[in-house]
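Before any comments, here is the structure.
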Amino acid sequence: MDILGVKFAPLNTPLRRRLETLCAFFWISLLAFGGMICTCLLVYVIVFTRFYLLGFLYLLWIYLDRNTCHQGGRKITYCRNLIFWKYFKDFFPLKIVKTCDLPPTTNYLFCAFPHGLLPAGIFGHFATEVTDFPNLFPGLKTHVATLNMHFNTPITRELLSGLGFVSSSKESIKYILNKEDKGHALVLVVGGAAEALYARPGTNKIVLKNRKGFVKLALKTGCPLVPVYSFGENDLYNQVSNPPGSLTYNIQNWLKNATGIAPCIPIGRGFLQYTFGPIPQRCPVTTVVGKPIAIPKDENASQETIERYHQIFSEELTKLFEEHKHKYVKDPENAQLVID
14 MDILGVKFAP LNTPLRRRLE TLCAFFWISL LAFGGMICTC LLVYVIVFTR FYLLGFLYLL
74 WIYLDRNTCH QGGRKITYCR NLIFWKYFKD FFPLKIVKTC DLPPTTNYLF CAFPHGLLPA
134 GIFGHFATEV TDFPNLFPGL KTHVATLNMH FNTPITRELL SGLGFVSSSK ESIKYILNKE
194 DKGHALVLVV GGAAEALYAR PGTNKIVLKN RKGFVKLALK TGCPLVPVYS FGENDLYNQV
254 SNPPGSLTYN IQNWLKNATG IAPCIPIGRG FLQYTFGPIP QRCPVTTVVG KPIAIPKDEN
314 ASQETIERYH QIFSEELTKL FEEHKHKYVK DPENAQLVID
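Going from the sequence shown to this note's numbering is simple: count from 1 and add 13.
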């Protein structure tokens, strides 16, 4: 039903689909607004209530717990199995595809693309246990790397830690990849915030050409690199036009460099209509986990060695995209993986 250009959801939409939409809203609220809301809440408790001592004690806890995100995190199985995530998974829905076995006899560095505005596929498969990932890859323990600033925000830091998020610092990544109890998979969104600026329906542009730090870390630890691509990730949101060189793009790029966060202006849907809002569109996202690329341990790798394995990884990622695009892309003949 369209009213004044706004497409509304049918009144007879099943309750389950309403719950799925609600959980998708909870997800976007947590990642996009949770830190700001919880920070304001803590300030309110300290300044305006009689529970200010509890607020100061919690600030002390954040300070004392500041290194946990660099030392493997604090994963809580209960958080990863919340009923919210099951509805969240079914909203899109999320699907994972296995191309080969990944035995838990070593640690892996999963290099995931694209970032999208907010990576729903990466979150659903690697930060929860409600998808088929645990069944397809038994014994693997996933950790998702994110900006360290997220562990400085009250309350949301506890939930992110419980979901298995860790800092994306070199110290944190090396800590997990060097773990003696094998079977750990560190998930790194290589393109990061810069890639979010390219996210639009029908596009497959990633940031990789000058991102070589992950290869250096893999060489230092001798861990295999695993290419991961989520088809449909960029279809979840459109965003306000920001072609390179435009004023909007330049402002976004400046803020990204200053804060580490890409201030995109998303165009999604609402709870009762499909035309605008913060909730992602209901589009399937299929995450394909590729074959591991063996990496020798070389703590003092030359630039030539880093370049060689970066090239190998780029070729394997492109191959993964080409092999699966005919199944998961609407116009596969014209779909190309663009590496920036």
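We treat Cβ as the ideally placed atom computed from N, Cα and C, and that holds for glycine. For clarity, every value in this text was computed on a predicted model and none was experimentally measured.
Pick helix, strand or coil for residue i, following the three-state DSSP scheme.
| i | result |
| --- | --- |
| I292 | strand |
| L249 | coil |
| P240 | strand |
| I280 | strand |
| K218 | strand |
| I308 | coil |
| Q11 | Within the shown structure, residues of the chain are numbered from 14 to 353, placing residue 11 beyond reach of any answer. |
Which first and last residues belong to the beta strand (DSSP E) in which residue i is found?
| i | result |
| --- | --- |
| L230 | Looking at the DSSP string, L230 is not in any beta strand (DSSP E); the run it does join, the alpha helix (DSSP H), is 226-234. |
| S180 | 178-180 |
| I109 | 107-111 |
| H197 | 197-202 |
| T118 | Per DSSP, T118 belongs to no beta strand (DSSP E) and is neither H nor E. |
| T300 | 298-302 |
Between residue i and residue j, how many whole angstroms is the CB-CB distance? I'm expecting something under 8 angstroms.
| i | j | result |
| --- | --- | --- |
| F105 | V301 | Not a contact, Cβ separation roughly 15 angstroms. |
| G235 | K310 | 3 angstroms |
| A354 | G273 | Since the first and last residues shown for the chain are 14 and 353, residue 354 lies out of range. |
| I189 | L230 | Not a contact, Cβ separation roughly 10 angstroms. |
| E329 | I308 | Actually they are not in contact, since the Cβ atoms of E329 and I308 sit about 12 angstroms apart, beyond 8 angstroms. |
| I292 | F38 | 5 angstroms |
| L249 | C296 | 6 angstroms |
| Y121 | P237 | 5 angstroms |
| Y71 | L55 | 7 angstroms |
| G152 | P117 | 3 angstroms |
CB residue i to CB residue j, shorter than 7 angstroms?
| i | j | result |
| --- | --- | --- |
| E208 | V220 | yes |
| N247 | G137 | no |
| V82 | V179 | The sequence given here has Cys at residue 82, not Val. It is a contact, given that the beta carbons lie within the stated cut-off. |
| N161 | S174 | no |
| F97 | C51 | no |
| F123 | V239 | yes |
| L4 | G303 | With the chain represented from 14 up to 353, any question about residue 4 goes unanswered, as that position is not in the structure. |
| L107 | G134 | yes |
| Q316 | P279 | no |
| T34 | F284 | yes |
| K154 | G196 | yes |
| T144 | K102 | yes |
| L149 | K111 | yes |
| A140 | L176 | yes |
| I319 | K225 | yes |
| P132 | V202 | yes |
| L28 | Y100 | no |
| V228 | A125 | no |
| G85 | T166 | no |
| N270 | Y262 | no |
| V19 | Q286 | yes |
| K338 | A348 | yes |
| L210 | Q294 | no |
For the alpha helix (DSSP H) that contains residue i, what are its first and last residues?
| i | result |
| --- | --- |
| V58 | 47-61 |
| T90 | 90-93 |
| T261 | 260-272 |
| F21 | No alpha helix (DSSP H) contains F21, which DSSP labels as neither H nor E. |
| L43 | No alpha helix (DSSP H) contains L43, which DSSP labels as neither H nor E. |
| R205 | A small fix is needed here, since residue 205 is Gly in this sequence, not Arg. 205-209 is the extent of the alpha helix (DSSP H) around G205. |
| F64 | F64 -> no alpha helix (DSSP H), and no H or E assigned at all. |
| R321 | 316-341 |
| K102 | 96-104 |
| S185 | 183-190 |
Would the C-beta of residue i count as close to the ligand MG, meaning under 6 angstroms from any of its heavy atoms?
| i | result |
| --- | --- |
| L54 | You won't find the ligand MG in this model; it holds no ligand whatsoever. |
Taking only runs that begin and end inside the stretch 122-174, name each unbroken alpha helix (DSSP H) of 4 or more residues, in chain order. 133-139, 146-149
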